[in-house]
Every structure is written in C-alpha cells, then in structure tokens.
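Take a look at the structure set out below.
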Amino acid sequence: MTDPAPVRPEIVVDLAAVRHNLTTLADLVAPAAAMAVVKADAYGHGMVEVARVAREVGLTWVGVATLPEALALRAAGDTGRLLGWIGMPQDDWDAAVAADIDVAAYTPETLAVIAQAAARVGRTARVHLKIDTGLSRGGATARDWPALVAAAAVHQTAGHLQVVGVWSHLVAADEPENPVNAVQRARFVEAVALAEAAGLELEVRHLANSAAGILQPDLRFDLVRFGIASYGLDPAPGQWDGALPGGARLHPAMSLRAPLILTKEIDTGEGVSYGHLWRAEQPTRLGLVPLGYGDGIPRHASNTAEVRVAGRRRPMRGKVCMDQFVVELGPAGTEQSDPVSVGDEVVLFDDGRTGAPTVDDWAAAAGTINYEIVTRIGGRAVRRFVDSERAAEEVRG
Ligand SMILES: *Cc1c(COP(=O)(O)O)cnc(C)c1O
Numbered sequence: 074m075t076d077p078a079p080v081r082p083e084i085v086v087d088l089a090a091v092r093h094n095l096t097t098l099a100d101l102v103a104p105a106a107a108m109a110v111v112k113a114d115a116y117g118h119g120m121v122e123v124a125r126v127a128r129e130v131g132l133t134w135v136g137v138a139t140l141p142e143a144l145a146l147r148a149a150g151d152t153g154r155l156l157g158w159i160g161m162p163q164d165d166w167d168a169a170v171a172a173d174i175d176v177a178a179y180t181p182e183t184l185a186v187i188a189q190a191a192a193r194v195g196r197t198a199r200v201h202l203k204i205d206t207g208l209s210r211g212g213a214t215a216r217d218w219p220a221l222v223a224a225a226a227v228h229q230t231a232g233h234l235q236v237v238g239v240w241s242h243l244v245a246a247d248e249p250e251n252p253v254n255a256v257q258r259a260r261f262v263e264a265v266a267l268a269e270a271a272g273l274e275l276e277v278r279h280l281a282n283s284a285a286g287i288l289q290p291d292l293r294f295d296l297v298r299f300g301i302a303s304y305g306l307d308p309a310p311g312q313w314d315g316a317l318p319g320g321a322r323l324h325p326a327m328s329l330r331a332p333l334i335l336t337k338e339i340d341t342g343e344g345v346s347y348g349h350l351w352r353a354e355q356p357t358r359l360g361l362v363p364l365g366y367g368d369g370i371p372r373h374a375s376n377t378a379e380v381r382v383a384g385r386r387r388p389m390r391g392k393v394c395m396d397q398f399v400v401e402l403g404p405a406g407t408e409q410s411d412p413v414s415v416g417d418e419v420v421l422f423d424d425g426r427t428g429a430p431t432v433d434d435w436a437a438a439a440g441t442i443n444y445e446i447v448t449r450i451g452g453r454a455v456r457r458f459v460d461s462e463r464a465a466e467e468v469r470g
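See the structure below:
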C-alpha cells in the first residue's frame, strides 16, 4: 500500500472496486438486471456511498432489508428504484409509499397495511409478493400463496397497489450441486404462473443472490440481487476459481488497517492476554494493535488470525480483547534483521494482492463467513473512502 501508515484504525473502502464489481456483475447477468444490495450499511462498506456508485454505473435497482434503511437512502438523495424487503408492523408505511419505495408483502395482512398507507398518501404502492420456496423464512408457502395472490389482485383492482414482482430467496445458492436449487426453481416458476394466471402483470421475477447469479444462470430470471459479490468477496468459497466468464475477477473493496502502538519483549514462559491462552516459548517481541471485538474483530479468531506488519505476516497471540490484541513480531533479538516500530502500518486484511490476509482468511480463522466479518467491522474504526481510479478522497467518521 502506498498510503502513509494510518494514525488510527481505519476501514478503507475503494469505490473503484465497487464500481468494477457492479459493472462486471451487470454485464455478466444481462439481459437480466443487477440489483446492488446495500443493507446493513452495505455490508459495512457505507450504504449511501455504495448506492451512489450503483446509480452512477447505471443500475436501475438498489435493495435494502428494512424500510428505515430505504428511507435513509431517500433522505440521502437516492431517487431510483429501491426495494426494501423487510416490513414490520410498526414501520412508517405511509412514508415508505410516499417515498416511492418498492415494498414486499408476505401476507394478506401486510397487503392491507400497504393498501391503507397508499390510500392515505394518495399513491399507488409498488409491491413484490414473496413466495417461500423452501427457506422457511419470509414469504408465503405454496399453501398460502393463492390467498396472497387473490388479496393482491383485489387491492390492485381498487387502485391502491400494483404488484410489480414475485420473488423468493435460495437455501443453498452457494452449492450449485444441491438438489434444493431445482426444487426451489420449480416452486418459483409455479408461483409466478399462478400470479400471472390471476392477472398480475409482473415487471420482475427474482430469485438469485450473488452465488446463484454467478454460478447458476438458470436462476437469474429478470433480476439478480447482488450483495456480497458487489463488495468483491467470494459468495461461494471452494465452489469455483473466482474467474468469471471472460476471465474477469471481483475486487475486494474493503481494507482494514491500524497503527502499531507499542512494541516490547517478554521472557520465556510469560503469557499473553486474558487467560494466557498463549505463552512465549522463547524471549519474544510483541506488538500491540488498537482494534478489538468492540470494533468487530472476531474474538473467535483469537490466537489464530494473522496480520501483516512491516512486509510480513505475523500471528496473533492470545485472546482478542475489547479494544486491542497482541501480535508476535518474532524472537527477541531480531530487531536488526526485521525492524518493526511503533507507528508502522498493521494490515488486518486487504484485497490480498500484496500478501496480507484477506477477509476470507479472517472468516476461516473465526469459523464464520466473509459476510459476517465485513458487516461487523466498525466500532471506533473510521471509514475512509478512496477511489483508486479517480484519486478523489472523502472522509467520514
Ligand atoms: C442479503 C440478501 C441478498 C444478497 O445476498 P448475497 O448472498 O450477499 O448476494 C439477496 N436477497 C435477500 C433476500 C437478502 O436478504
């Protein structure tokens, strides 16, 4: 990295990487459309900024989970098609309909709430009906689907809402060989047919997330909801070599770096951090990194993860604390051959091109998935946006 060493922990988000990923994914799935999924603050990357990039590269669709997220995007100036798929009874549905947000309905009760809101604000609400094709999470089961479709048709005739989409979500998109994919596809196609037979004219049928959008072309339908791949992270580790048709690759957009704030030596037999999970077997040089589980560093990665300091990977030693963790720099007496100083840059993860750990390395160390690592990073670390293609920089706390 050519940036000067950070003076405090920072999350660096390269918007050029997001731009590359979104354009690459949109090209991949065309003529289906690509939706940029920016829920949970864009998986920790910055919802408003990522949505702005999505619009810049020409994406019609942006998606979030909750209605407050969608309203926050509107407040930030986003005016494009925006789907929020989790509604709660106490949500401000009037505001959502008034703000021209596409909403989802899983039950006739929610349809009634949406229709009433639309009547109050004097608009026609756009609705995506969700069929539960097997995840048993949101959506109407096949048994409940005819009633949902019938209720939607009644509200539509009354002019309060327009059903524009039918959608569902996959169980095992990251396992293309799993037979549940074909089961879900068949159930989805049947639900779409029932909706169309009831007179609903659908603009978009959508089932696929990142993994399916990339690995299972027959699940793309009209629209693919790209979350994790938008951020350049692998939606299906181990299932493919990361090369898209044509050879393009995704670019990880997030790096996490911090200054080293202390170096010291400890004697043989001394233990490190709470509980002395690790003990020095020889006189050892240690470094202190000012990030902890309060900033989203997974405690499950204790004593396992690595970071890069002064050009080398170094192992974490002992438990991750709330605000800090310790790394082993090397045996005592090696300062001359391997100089490391306070203020040096510590790279927890980046895009991996220079040998630093990646988000996937951290996920493996913590026994979780890359999604959870980036989404939880935050706390006191400051997010900084860069654009490696355009040089302009913007800072946000
Ligand atoms: C989060 C989410 C997505 C995006 O999933 P990725 O695997 O990150 O691409 C798509 N659809 C729904 C319903 C989601 O909740």
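Numbered per this note's numbering, the sequence shown spans residues 74 to 470. Using N, Cα and C, we set each Cβ at its ideal position, and we do this for glycine too.
Open item on the list: Based on DSSP bridge pairs, tell me the residues matched to S328.
Closed with: Here residue 328 refers to the residue found at position 255 of the sequence shown. DSSP, once it has assigned bridges, lists V85 as partnering S328.
Task: Neighbourhood of G272 by C-beta, 7 Å cutoff - its chain only, sequence neighbours within 5 removed - done: Position 199 of the sequence shown, counted from the start, is the residue given in the question as residue 272. The answer, listed in chain order, is A226.
Open item on the list: Contact defined as beta carbons within less than 8 Å: I believe D423 pairs with S328. What is the distance between those atoms, to the nearest angstrom?
Closed with: Against the sequence shown, residue 423 aligns to sequence position 350. Against the sequence shown, residue 328 aligns to sequence position 255. About 4 Å separates the two Cβ atoms, so the contact holds.
Open item on the list: Threshold first: 4 residues or longer. Then list the alpha helix (DSSP H) segments lying entirely within the segment 236-314, N to C.
Closed with: 253-270 and 283-288
Open item on the list: Just verifying my parser: in three-state terms, what is the DSSP assignment at H349?
Closed with: Residue 349 sits at position 276 when you count from the first residue of the sequence shown. Three-state result, H349: helix.
- [ ] Work out the CA separation of R457 and V468 for me, nearest whole Å.
- [x] As a working note, residue 468 is residue 395 in the sequence shown. As a working note, residue 457 is residue 384 in the sequence shown. Reliability fails at V468, whose pLDDT of 48 lies under 50, so the model's placement of it is uncertain and the value that follows must be treated cautiously. Approximately 5 Å between the Cα atoms of the pair.
Open item on the list: With three or more C-beta pairs closer than 8 Å as the rule, is the segment 141-158 touching the segment 175-186?
Closed with: yes
Task: Nearest neighbour of Q257, chosen from P141, P219, T214 and R426 [CA to CA] - done: Within the sequence shown, numbered from 1, the residue matching residue 257 stands at position 184. Comparing Cα-Cα distances from Q257 to each of P141, P219, T214 and R426, the minimum goes to T214.
Task: Alpha carbon of A220 to alpha carbon of I204, nearest angstrom - done: As a working mapping, residue 220 is identified with position 147 in the sequence shown. As a working mapping, residue 204 is identified with position 131 in the sequence shown. Taking the straight line from one Cα to the other gives about 12 Å.
Open item on the list: Using the three-state DSSP reduction, which class does L392 fall into: helix, strand or coil?
Closed with: Working through the sequence shown from its first residue, we reach residue 392 at position 319. A small correction: the amino acid at residue 392 is Lys; Leu does not occupy that position in the sequence shown. Three-state DSSP puts K392 in coil, outside helix and strand.
Task: Those residues, in chain order, that have a beta-carbon closer than 5 Å to some heavy atom of ligand 1 - done: V110, H242, N282, S283, R298, G300 and I301
Open item on the list: Please report the distance separating the alpha-carbon of G348 from that of K392.
Closed with: Here residue 348 corresponds to residue number 275 of the sequence shown, with the count starting at 1. Here residue 392 corresponds to residue number 319 of the sequence shown, with the count starting at 1. Between G348 and K392, the C-alpha separation is close to 8 Å.
- [ ] Could you say if the segment 393-404 and the segment 348-360 meet the contact criterion of at least three C-beta pairs nearer than 8 Å?
- [x] yes
Task: Rounded separation between A437 and R147 - CA only - done: For the purposes of this step, residue 437 is identified with residue 364 of the sequence shown, where counting begins at 1. For the purposes of this step, residue 147 is identified with residue 74 of the sequence shown, where counting begins at 1. Using only the alpha carbons, I get a separation of about 37 Å.
Open item on the list: Buried or exposed, going by whether 16 or more other CB atoms sit within 10 Å of the CB of V86?
Closed with: For the purposes of this step, residue 86 is identified with residue 13 of the sequence shown, where counting begins at 1. With 16 or more Cβ atoms within 10 Å of its Cβ, V86 is classed as buried.
Open item on the list: Are the CB atoms of D340 and A383 within a distance shorter than 8 Å?
Closed with: Numbered from its first residue, the sequence shown carries residue 383 at position 310. Numbered from its first residue, the sequence shown carries residue 340 at position 267. In this structure, D340 does not lie closer than 8 Å to A383 by Cβ.
Task: L184, buried or exposed, once every other Cβ within 10 Å from all chains shown has been counted against 16 - done: Position 111 of the sequence shown holds residue 184. It counts as buried.
Task: Straight-line gap, N94 to V459 (C-alpha atoms, nearest Å) - done: Locating residue 94 in the sequence shown gives position 21, counting from the first residue. Locating residue 459 in the sequence shown gives position 386, counting from the first residue. The straight-line gap from Cα to Cα measures roughly 15 Å.
TODO: Please report how far the alpha carbon of V253 lies from the alpha carbon of V194, in whole angstroms.
DONE: The count along the sequence shown starts at 1 and reaches residue 253 at position 180. The count along the sequence shown starts at 1 and reaches residue 194 at position 121. If you take the alpha carbons of V253 and V194, they lie about 42 Å apart.
Task: Helix, strand or coil at A316 [DSSP, three-state] - done: Numbered from its first residue, the sequence shown carries residue 316 at position 243. A316: coil per DSSP, three-state reduction.
Task: Buried versus exposed, by CB contacts within 10 Å (16 or more), A103 - done: Residue mapping note: residue 103 aligns to position 30 of the sequence shown, counting from 1. By the neighbour-count rule (16 or more Cβ atoms within 10 Å), A103 is not buried but exposed.
Open item on the list: Need the endpoints of the beta strand (DSSP E) that M161 sits in, please.
Closed with: Locating residue 161 in the sequence shown gives position 88, where the first residue counts as 1. Looking at the DSSP string, M161 is not in any beta strand (DSSP E), and its letter there is neither H nor E.
Task: G470, DSSP secondary structure in three states - done: If you number the sequence shown from 1, residue 470 lands on position 397. Below a pLDDT of 50, predicted positions are generally treated as unreliable, and G470, at 42, falls in that range; the measurement from the model is reported next regardless. Of the three classes helix, strand and coil, the one that applies to G470 here is coil, per DSSP.
Open item on the list: Cutting at 7 Å between CB atoms, please list the residues of its own chain near G470, excluding the five before and the five after it.
Closed with: Within the sequence shown, residue 470 is the residue found at index 397, counting from 1. Because G470 carries a pLDDT of 42, less than 50, the predicted location of this residue cannot be relied on, and the following value inherits that uncertainty. The answer, listed in chain order, is V455.
- [ ] Check the C-beta distance from A113 over to A326 and give it rounded, since I have them as a contact under 8 Å.
- [x] Locating residue 113 in the sequence shown gives position 40, counting from the first residue. Locating residue 326 in the sequence shown gives position 253, counting from the first residue. Not quite, the Cβ-Cβ distance comes to about 15 Å (not below 8 Å), so this is no contact.
Open item on the list: Alpha carbons only, please: which of G211, T180 and L144 is nearest the one belonging to D167?
Closed with: Here residue 167 refers to the residue found at position 94 of the sequence shown. Ranking the options by Cα distance to D167, first place goes to L144.
Task: Element boundaries [alpha helix (DSSP H), containing L144] - done: Sequence index remark: in the sequence shown, residue 144 carries index 71 (1-based). Start and end: L140 to A148.
Task: Nearest neighbour of T230, chosen from A188, V399, V447 and R260 [CA to CA] - done: Indexing the sequence shown from 1 puts residue 230 at position 157. The residue with the shortest Cα to Cα distance from T230 is A188.
- [ ] Work out the CA separation of E338 and V413 for me, nearest whole Å.
- [x] One-based indexing of the sequence shown puts residue 413 at position 340. One-based indexing of the sequence shown puts residue 338 at position 265. Whole-angstrom Cα-Cα distance: 12 Å.
Open item on the list: Quick check: the segment 228-246 against the segment 264-283, are at least 3 beta-carbon pairs closer than 8 Å?
Closed with: yes
- [ ] On the DSSP bridge assignment, give the partners of R154 in chain order.
- [x] Taking the sequence shown and counting its residues from 1, the one referred to as residue 154 is at position 81. Note: R154 sits in a beta bridge opposite W134.
- [ ] Return the CA-CA distance between G160 and L333, expressed in angstroms with no decimal places.
- [x] Counting from one through the sequence shown, the residue named residue 160 turns up at place 87. Counting from one through the sequence shown, the residue named residue 333 turns up at place 260. Roughly 44 Å separates the two Cα atoms.
Task: Rounded separation between S461 and D291 - CA only - done: The count along the sequence shown starts at 1 and reaches residue 461 at position 388. The count along the sequence shown starts at 1 and reaches residue 291 at position 218. Cα to Cα, the separation comes out at about 35 Å.
Open item on the list: Tell me the DSSP secondary structure of T448 in three-state form.
Closed with: Start at 1 with the first residue of the sequence shown, and residue 448 comes out as number 375. T448 falls in the helix class under three-state DSSP.
Task: Residues near R293 in its chain [Cβ-Cβ closer than 7 Å; skip 5 each side] - done: Along the sequence shown, read from residue 1 onward, the residue named residue 293 stands at position 220. Counting only Cβ-Cβ distances below 7 Å, and skipping sequence neighbours, we find V102, A105, A281 and G286.
Task: Three-state secondary structure (DSSP) of L95 - done: Here the question's residue 95 lines up with position 22 in the sequence shown. Correct three-state label for L95: helix.
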